[in-house]
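Everything below concerns the one structure shown next.
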Amino acid sequence: MVNAVRADLYRLFHTKGFYITQFLLILFVVISVSAEATGNVGVNTLEEPTDMQSHLQVHDWDSYQTFIAFSSMASFLIYFCLPLLVMIAGYDFVHKSYKNQLTSGVSRLQYFGSKYLIFIVVTALQFLFYYTFAFLTAAVKNGIGTAPKDFWMNALQTIGIQFIAFQAIFIIGLCILVITFSNVSSVIIIIVIPLIINVLSAFFNIGWLKYFDFQYGINFAWIRDLPDFSWLTFLGFSLGVIIVMNYIAYQAFRHKSL
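Residues 1 to 258 in our numbering are what the sequence shown lists, from first letter to last.
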């Protein structure tokens with residue numbers, strides 16, 4: 001498995017698309033900070049924005065305030081990581097080049113595990129780049145500023161919540177990729193499913209559905225006192241989806257013929 005991980009990382013780091021994606025992510029962050037503009041992907045109900053968005057409003061745009069503002073934009077990372085999923089796993093599954101490694105002695109569990117591990121590591125780097133460049137760009141433009149109370153603890157909790165919700169979204173796409181061997185189907189599912197759940201959760205009073213609204217969780221992860229919302233329950237649902245979909249994806253791959 002170690003050799004499989006090394007080989008995949010070597011190929012990824014020698015792919016132009018990887019560096020283009022990193023450049024576009026950094027450019028997006030720098031432009032957003034320079035323009036002092038924020039936004040997010042998704043739908044909000046009419047009752048919630050005023051009170052909740054006030055927690056995320058930025059006036060000074062120093063490093064710490066920019067970090068908080070950018071926590072509400074983290075759902076954009078979904079779109080920057082779509083090409084990474086294709087580069088890490090999509091190419092091999094679509095072109096069935098995984099057969100080369102399986103016939104050379106790598107087990108299906110090792111192969112599947114290495115792909116998912118690499119995706120977790122690479123997407124963690126995207127979060128690191130996203131927040132680091134936002135913090136540094138704001139420091140250059142407007143200064144570092146003064147850290148709010150418990151800032152770093154809240155920052156770690158926010159990134160943790162966002163990262164787990166992020167993985168819950170992408171494991172669904174990975175499962176579809178393994179079942180269909182189609183990058184297009186996988187990408188569509190990753191984009192459409194969170195938006196559909198977001199819309200249903202926003203306009204219909206279905207109590208449990210909000211805990212599957214991973215995009216909403218990503219957008220508002222900084223706020224600890226969301227009305228009628230339990231972050232522990234949300235994390236439980238997210239981890240449950242990750243475990244179940246991982247199992248389904250692996251079983252589908254295990255029964256694929258060479």
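Yeah, the Cβ is synthetic: ideal placement off N, Cα and C, and Gly gets one too.
Mapping DSSP to helix, strand and coil, what is residue i?
i	result
ILE144	coil
ARG11	helix
PHE223	At residue 223 the sequence reads Ile, which differs from the Phe that was named. Of the three classes helix, strand and coil, the one that applies to ILE223 here is coil, per DSSP.
ASP92	helix
VAL106	coil
ALA155	helix
ALA270	Outside the shown range of the chain, which is 1 to 258, sits residue 270, and nothing can be said about it.
Taking residue i as the reference, give the member of the options with the closest Cα.
i	options	result
LYS256	PHE220, VAL94, ARG11	VAL94
ALA249	MET73, THR233, TRP231, PHE170	PHE170
THR21	TYR91, VAL241, GLY105, LEU77	LEU77
VAL121	ASN142, GLY105, LEU85, TRP152	LEU85
ILE189	PHE203, ALA168, LEU27, GLY17	ALA168
ASP92	PHE237, PHE129, ARG224, PHE181	PHE181
GLN110	ASP228, LEU232, THR233, ASN3	ASN3
Measure the C-alpha to C-alpha separation of residue i and residue j and round it to an integer number of angstroms.
i	j	result
TYR211	PHE220	13 Å
ILE176	VAL184	10 Å
GLY240	ILE172	12 Å
TRP208	THR132	34 Å
TYR24	LEU12	Reading off the sequence shown, one finds Leu at residue 24, where the question assumed Tyr. Whole-angstrom Cα-Cα distance: 17 Å.
LEU174	ALA134	29 Å
ILE193	SER71	21 Å
Checking 8 Å against the spacing of the C-beta atoms, do residue i and residue j come in under that value?
i	j	result
VAL29	THR123	no
LEU226	ILE161	no
ASP158	TRP61	First, the amino acid is wrong: residue 158 is Thr here, not Asp. No, they are not a contact pair.
TYR216	SER230	no
Sorted by chain position, which residues of the same chain lie with C-beta nearer than 8 Å to residue i's C-beta, five sequence neighbours on each side aside?
i	result
VAL5	SER114, LEU117, ILE118
Can you list, in chain order, the residues of its chain whose CB lies under 7 Å from that of residue i, leaving out five sequence neighbours each side?
i	result
PHE253	ARG108, PHE112, VAL178
PRO83	GLY17, THR21
SER293	A question about residue 293 goes unanswered here, because the residues of the chain that appear run from 1 up to 258.
VAL244	none
Any heavy atom of the ligand FAD closer than 7 Å to the CB of residue i?
i	result
SER230	Ligands displayed in this structure: none; no statement on the ligand FAD is therefore possible.
Does residue i have its Cβ less than 8 Å from a Cβ in chain C?
i	result
ALA168	The displayed structure is made up of one protein chain only, and chain C is not part of it.
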